[in-house]
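In the working numbering, the protein residues as written are 34 to 405.
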Ligand code: NAD
């Protein structure tokens, strides 16, 4: 990644988002009491691989927010983060002392990056402390928890968004633009897969923590992409099958190893999708009578590749940082009171689709209506 080119790229890109009218990211501030140039203070909850490898480094690039605290099970780890990111040691919390964030004006936003089944608990704790929340995907492990999270944030009058980073990536923005354009319009026929080989038996392979297998973890990106490709609407119905026998039943004891599913959208659009912890795949294709878009690398943090029937897309130079774009957009939305592109309601929508897919699997591949 070209670090020196990044800030210019991001500024231009945020400007394009605004100019496109997709959502208002105007450079005005309605926080009259705040000094110009204020950055929102973010606290990361859970200092695992995504926080360490992506979110922390991205928060060194952001213009509208910065890392000001952490919630971690290890004070030692927290002290290292405080030193690395230059925030006060008083801003290190444990999961049990998260409620004390309420007394800390350094922290405006809590970003939940813990295992899936803990998202609800940590989101509710952050809301009760009066902090705005970003919650990683999947929003939760069931729709009921999504409802609890949305209600807690509404009650506390704080904002809730999901850590869906692809909505801020230029390649996926282009897909969204094509869907809205006369040139292409909503796509009709889609297929996509996101899979990787999982080793060991991490929490992702244990239902109590993950809520499910690859569908919950990475298949949700294919769901997102298909919804995007028809104009950000949910499918009407799904059918799904688990691929059996499992190659590694000792690892995937209570979650699926590989799943295929079909989503049926209004107007006859369909998407055939697949997700697995025992294969490799990272693609998405969408077409209609006017043309097509084909991602050979669809869901990566960097190094995406896509071609349309009009020719190859090239948004790689300069490379952008999806997580920095996502968090800066969130910070601007909070400061400007503008709606998020990826609100809690979208996370809930996706969980209704996930639940319908699992219901279909449990019922021998029966067609299940999605009650989004
Ligand atoms: P990880 O296992 O590397 O980190 C999880 C963190 O949660 C660890 O620091 C761990 O100590 C902490 N934790 C707190 N309570 C725990 C408990 N009871 N059991 C286990 N861990 C506990 O996981 P990760 O890859 O960082 O994923 C965290 C979340 O971020 C997941 O929800 C995942 O879906 C999401 N994620 C999103 C993206 C993305 O591209 N948006 C990428 C990776 C992960």
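Beta carbons: idealized from backbone N, C-alpha and C, even for Gly.
The model shown is predicted, which means the values in this text are computed figures rather than measured ones.
Query, Result
"For residue 51, which three-state DSSP category applies?", "Residue confidence is low: residue 51 scores 39 on pLDDT, short of 50, so the model does not pin down where it sits. Its coordinate-derived value is still stated next. Helix."
"Is the CB-CB distance between residue 214 and residue 308 below 8 Å?", "no"
"Cα separation between residue 87 and residue 76?", "14 Å"
"Helix, strand or coil: which one does DSSP assign to residue 404?", "coil"
"Could you spell out the range, first to last residue, of the beta strand (DSSP E) harbouring residue 270?", "270 to 275"
"Would you list the residues sitting across from residue 224 in a DSSP beta bridge?", "305 and 318"
"Start and end of the beta strand (DSSP E) containing residue 325?", "324 to 330"
"State the start and end residues of the unbroken alpha helix (DSSP H) segment that holds residue 362.", "355 to 369"
"I'd like to confirm the pairing. Which residues does DSSP put opposite residue 100 in its beta bridges?", "75"
"Using 8 Å as the Cβ pair cut-off and three pairs as the minimum, do the stretch 186 to 198 and the stretch 167 to 178 touch?", "yes"
"How would you label residue 132, buried or exposed, when you count the other beta carbons within 10 angstroms and need 16 or more for buried?", "exposed"
"Is DSSP giving residue 388 helix, strand or coil here?", "helix"
"May I have the straight-line CA-CA distance separating residue 59 from residue 369, to the nearest angstrom?", "Low confidence applies here, because residue 59 scores a pLDDT of 28, under 50, leaving its location unreliable; read the following figure in that light. Going from the Cα of residue 59 to the Cα of residue 369 covers about 7 Å."
"Can at least three beta-carbon pairs, one atom from the stretch 262 to 281 and one from the stretch 377 to 396, be found at a separation below 8 Å?", "yes"
"Buried or exposed: residue 237, going by 16 or more other Cβ atoms within 10 Å of its Cβ?", "buried"
"By the three-class DSSP mapping on this structure, what secondary structure does residue 299 have?", "helix"
"Would the beta-carbon of residue 267 fall within 8 Å of that of residue 403?", "yes"
"Measuring straight from C-alpha to C-alpha, what distance separates residue 187 and residue 223?", "35 Å"
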